[in-house]
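This report refers to the structure that appears directly beneath it.
Protein chains in written order, with the working numbering: chain A, 17 to 438; chain B, 863 to 974.
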């Protein structure tokens, strides 16, 4: 790979973004942790924190290479060029030179390549962690650890390659600025597969299983919102105007998402809730993720508003279809990711980012919209099917779900021999 | 001696305490409980779905007193705790066999 000098401004920003995105996983831990019953809070926290443990090792050893090796091949998977961090150095590099990417110019990283690796690592950590919300209260800890470890290699890395690594979806013309498909549709589809495999919690859906600590959830929401600046604006991989545009879009989409959700919630259920406000903000953030560096004006606000309203309605699907998606990962991340990825086909404009395309409203016709729909469906189906297979294999060997007694006692005591609050 | 037990709405505790003090009651014990009565709880809508809430938070109050005062104090509690809406609670009176004050060893009526 050709080496290029690093730009200190870009490097400083991405160093910070890496820390911001990593912080989102503990944020997610508390966002979900507050929503479960007290007897399961440590179970939830442990799953999310442990993801930070195991996945960092797997990513550095093999995940990064499978995602970003063979950059720009327009294909299905990376390679072993960067296995065990070989050739991942401290200079900037040009990835995918002489491939289809940027008509042969490839992707020039003016940040240390190893920084690119650790930045992407934080995405690889949080994506499987998202699934914990759907499997809450009933998954065996060791089954969870095996699942996310295998999933990182067999699902996340390939999908990351297809979109971020210059693989076939990127070559096809689909856009995904920070991971609407790679992170949210991907994790959302896996969550759906697992919660179907696991089955319903005892007592669901008629017994009320209210959040035991919404203050935790609100702290988690604040951390996620804050960290998302690194998630979206950091995906510009530079400290430039696109990053600034992405930051603006991200924050306004979060705000609009909250408004959209709370309005529909109040009309339908009668009262605006803190949980609704938090969920709405997250829905907006999820939807803007694929769009962040490709849209401008009030588009981010519009996308957030729509996502907030649509995701609120989407969470009723689980009672309608009978799948216990405990903390609405499907309703917020899968649906939110789909909403954002598809709306990108409408709102994208090269006025904001010359490296993007023009969507329907910018006069680009339906080409981008069609690519967005196709790419979203491919990721959805792939993730759902492979997750189902991995989950089933684990179920047949070590078992996915805790025993009825352990579920009654709670994960904290049954899986970890601990009590959160004495 | 008698034991008065009352299940009341949590937000009526202050009114009941004040009324009991004014009626001359010297000591009470209070504990947070959950339960339901004839209406069997209620349904609520949260996050777009309906739930049955059958155990509602209440406060249980206990007072130990002379048999002669039992009926009067029971009425004091009833009047102070009533809101007129569903879920106001219940009061019952039971018999106590023995009463001892721990610090001094006083028995029965002397221990009230």
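C-beta atoms are modelled at their ideal positions from N, C-alpha and C, and glycine is treated no differently. Here the structure is a predicted model, which means the values were calculated and not measured.
Exercise for the section: Name the two residues that bound the continuous beta strand (DSSP E) containing residue 904 (chain B). Expected result: 904 to 908
Problem - Check whether residue 307 (chain A) and residue 193 (chain A) have beta carbons under 8 Å apart - result: Taking 8 Å as the cut-off, the Cβ atoms of residue 307 (chain A) and residue 193 (chain A) count as close.
Handout entry: Cα-Cα separation between residue 927 (chain B) and residue 951 (chain B), rounded to whole angstroms
Key = 21 Å
Handout entry: Three-state secondary structure (DSSP) of residue 893 (chain B)
Key = strand
Exercise for the section: Determine whether the Cβ of residue 915 (chain B) lies closer than 8 Å to any Cβ atom of chain A. Expected result: yes
Handout entry: Residues of its chain near residue 213 (chain A), where Cβ-Cβ distance is below 8 Å and the 5 sequence neighbours each way are ignored
Key = Around residue 213 (chain A): 404, 407, 408, 411, 416.
Problem - Short-range partners of chain B found in the region 396 to 420 of chain A, where Cβ spacing is below 9 Å - result: Of all residues in the region 396 to 420 of chain A, none has a Cβ within less than 9 Å of some Cβ in chain B.
Exercise for the section: Evaluate residue 100 (chain A) with the Cβ neighbour count: other Cβ atoms within 10 Å of its Cβ, from every protein chain shown; 16 or more gives buried, anything less gives exposed. Expected result: exposed
Practice task
Compare the C-alpha of residue 125 (chain A) against each of A:84, A:383, A:282 and name the closest.
Solution key: A:84
Practice task
From the DSSP output, in three-state form, read off residue 150 (chain A) for me.
Solution key: coil
Handout entry: Pair within 8 Å by beta-carbon distance, residue 440 (chain A) and residue 320 (chain A)
Key = This structure cannot speak to residue 440 (chain A), because chain A is shown only from 17 to 438.
Practice task
Can you give me, in chain order, the residues of the region 889 to 903 of chain B that have a beta carbon less than 9 Å from any beta carbon in chain A?
Solution key: none
Practice task
Could you list the residues in the region 188 to 222 of chain A with a C-beta less than 7 Å from some C-beta on chain B, going in chain order?
Solution key: 221, 222
Handout entry: Check whether residue 147 (chain A) and residue 72 (chain A) have beta carbons under 8 Å apart
Key = no
Exercise for the section: Give a yes or no on whether the C-beta atoms belonging to residue 277 (chain A) and residue 257 (chain A) are separated by under 8 Å. Expected result: no
Handout entry: Interface residues of chain B facing residue 328 (chain A) [CB-CB closer than 8 Å]
Key = 910
Practice task
Work out the CA separation of residue 391 (chain A) and residue 80 (chain A) for me, nearest whole Å.
Solution key: 22 Å
Handout entry: Touching by the beta-carbon criterion (3+ pairs, under 8 Å), the region 233 to 246 of chain A and the region 31 to 39 of chain A
Key = yes
Exercise for the section: Could you tell me the distance, in whole angstroms, from the CA atom of residue 109 (chain A) to the CA atom of residue 220 (chain A)? Expected result: 52 Å
Problem - Cβ contact check for the region 19 to 26 of chain A and the region 42 to 50 of chain A: 3 or more pairs under 8 Å - result: no
Problem - Sheet register partners of residue 40 (chain A) (DSSP bridge) - result: The partner list for residue 40 (chain A) (beta bridge, DSSP) is empty, contrary to what the question assumes.
Handout entry: Pick from A:102, A:426, A:399, A:346 that is closest to residue 178 (chain A), judged by C-alpha positions
Key = A:399
Handout entry: Residue-chain proximity (residue 55 (chain A), chain B), Cβ-Cβ < 8 Å
Key = no
Practice task
Taking the CB atoms as reference points, tell me whether residue 332 (chain A) and residue 910 (chain B) lie closer together than 8 Å.
Solution key: yes
Practice task
Taking the CB atoms as reference points, tell me whether residue 357 (chain A) and residue 197 (chain A) lie closer together than 8 Å.
Solution key: The answer is yes: Cβ separation under 8 Å.
Exercise for the section: Go through its chain and collect everything with a Cβ distance to residue 289 (chain A)'s Cβ below 7 Å, but skip five positions before and after it. Expected result: 281
Exercise for the section: Could you please give the first and the last residue of the uninterrupted beta strand (DSSP E) stretch that includes residue 956 (chain B)? Expected result: 951 to 957 is the extent of the beta strand (DSSP E) around residue 956 (chain B).
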